[in-house]
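Okay, so the sequence shown: first residue is 39 according to the working numbering, each after it adds one.
We treat Cβ as the ideally placed atom computed from N, Cα and C, and that holds for glycine.
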Amino acid sequence: MTKASKSIAIAADHAGFALKAKLVDELRDSGYEVRDLGTHDATTSVDYPDFGAAVAQAIASGEVERGVVVCGTGIGISIAANRHAGVRAALCHDETSARLCREHNDANVLALGARLIGDVVAKDCLHAFLSTDFAGDRHVRRVAKLG
Numbered sequence: 039m040t041k042a043s044k045s046i047a048i049a050a051d052h053a054g055f056a057l058k059a060k061l062v063d064e065l066r067d068s069g070y071e072v073r074d075l076g077t078h079d080a081t082t083s084v085d086y087p088d089f090g091a092a093v094a095q096a097i098a099s100g101e102v103e104r105g106v107v108v109c110g111t112g113i114g115i116s117i118a119a120n121r122h123a124g125v126r127a128a129l130c131h132d133e134t135s136a137r138l139c140r141e142h143n144d145a146n147v148l149a150l151g152a153r154l155i156g157d158v159v160a161k162d163c164l165h166a167f168l169s170t171d172f173a174g175d176r177h178v179r180r181v182a183k184l185g
């Protein structure tokens, strides 16, 4: 995935808004085109399934190869994204889980819990997720069973 040619979809509910804003800045600073699918404020309560679905639809349509979703725990929004065909959302809590979700599971959506991890760890997860390739080999058979 080359930074210059790829765009990333990102979305969050109100609980994930502040972290999403920081990740948008991080992505843009790293040369990515960002498709910010909302929400656009932290004060209006919104439903995380709508934002998980928005990123999933961007992937399913081919608009983007990868996405990032954020809610309070990352759990609900990852479940919402995973309900869509072709989406493999992985909830990550550290750089290692973000690297391995790409390497072993070919995850195409990174899910983060804004109330559970700090900004630095979230950025580390983001960079590991975007810079790690799928290992293929024995993992291809396993990933195929997920679809």
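Residue state for V84 is assigned as coil, using DSSP reduced to three classes. Excluding the 5 residues flanking it on each side, R137 has same chain C-beta neighbours closer than 7 Å at A166 and T170, in chain order. Here V108 is near A50, since their CB atoms are less than 7 Å apart. With the rule of 3 Cβ pairs closer than 8 Å, the region 103-117 counts as touching the region 137-157. Boundaries for L154: no beta strand (DSSP E) harbours it, and the DSSP string shows neither H nor E there. Under DSSP, S45 forms a beta bridge with E71. Within a 10 Å sphere around the beta-carbon of K58 sit 16 or more other beta-carbons, which makes this residue buried. Buried is the label assigned to R140, since at least 16 other Cβ atoms lie within 10 Å of its Cβ. Look at V102 here: in three-state DSSP terms it is coil, with no helix or strand label.
Here V125 carries a coil assignment [DSSP, helix/strand/coil]. In terms of CA proximity to F172, D144 leads the group A149, C130, L75 and D144. Annotation for E133: D162, C163 and A166 place their beta carbon closer than 7 Å to its own, counting only its chain and skipping 5 residues before and after.
Boundaries of the alpha helix (DSSP H) harbouring C139: E133 to E141, taken from the DSSP string. Rounded to whole angstroms, the gap between the alpha carbons of L184 and R121 is 12 Å.
Under the three-state reduction of DSSP output, C109 falls in the strand class.
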